[in-house]
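Contents: one structure, followed by commentary.
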Amino acid sequence: MKKLIVHGDPGLRKDGIIEYDGEEMRVFSIQRQGDYHGPDEPQLWCTIGTDDEREDFETKTYVPHWLDVDTIDAEALDVVKAGGDLNV
318 MKKLIVHGDP GLRKDGIIEY DGEEMRVFSI QRQGDYHGPD EPQLWCTIGT DDEREDFETK
378 TYVPHWLDVD TIDAEALDVV KAGGDLNV
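According to the working numbering, the sequence shown holds residues 318 to 405 in order.
What follows is the structure in structure tokens.
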């Protein structure tokens, strides 16, 4: 499990699936930053992980401050499934 900061908005939402570091990762949560007083484009602060890590996320058996943090531009992120209400 790790934090991923996405610069820009690729249309990704909670419960989406992305291709990252050569494997499919699930998006467990997203916090949108920078809409009002932030940078020129929003940032999505995502908690991502594999299917095996879903239970750890839901039961909070991890320390959020100890997660590795990576950053990526929205254009470079491969969104397999957007998640949220965008899959209608």
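Note that the Cβ used here is the ideal one computed from N, Cα and C, for glycine as well.
The segment 334–350 touching the segment 392–401, judged by at least three CB pairs closer than 8 Å: Note that the segment 334–350 touches the segment 392–401; at least 3 beta-carbon pairs, one per stretch, sit closer than 8 Å.
Relative to the C-alpha of I389, which residue among G333, M318, L361, D332 is closest? Here the closest residue by C-alpha is L361.
Hey, could you find the ends of the beta strand (DSSP E) D395 is sitting in? For D395, the uninterrupted beta strand (DSSP E) segment begins and ends at 395–398.
Backbone secondary structure at V405 - three-state DSSP: Caution is warranted here: a pLDDT of 41 is assigned to V405, below 50, making its placement in the model unreliable, and no coordinate value can be reported.
Alpha carbon to alpha carbon, how far is H354 from R343? Give it in angstroms, no decimals. Taking the straight line joining both Cα atoms gives about 29 Å.
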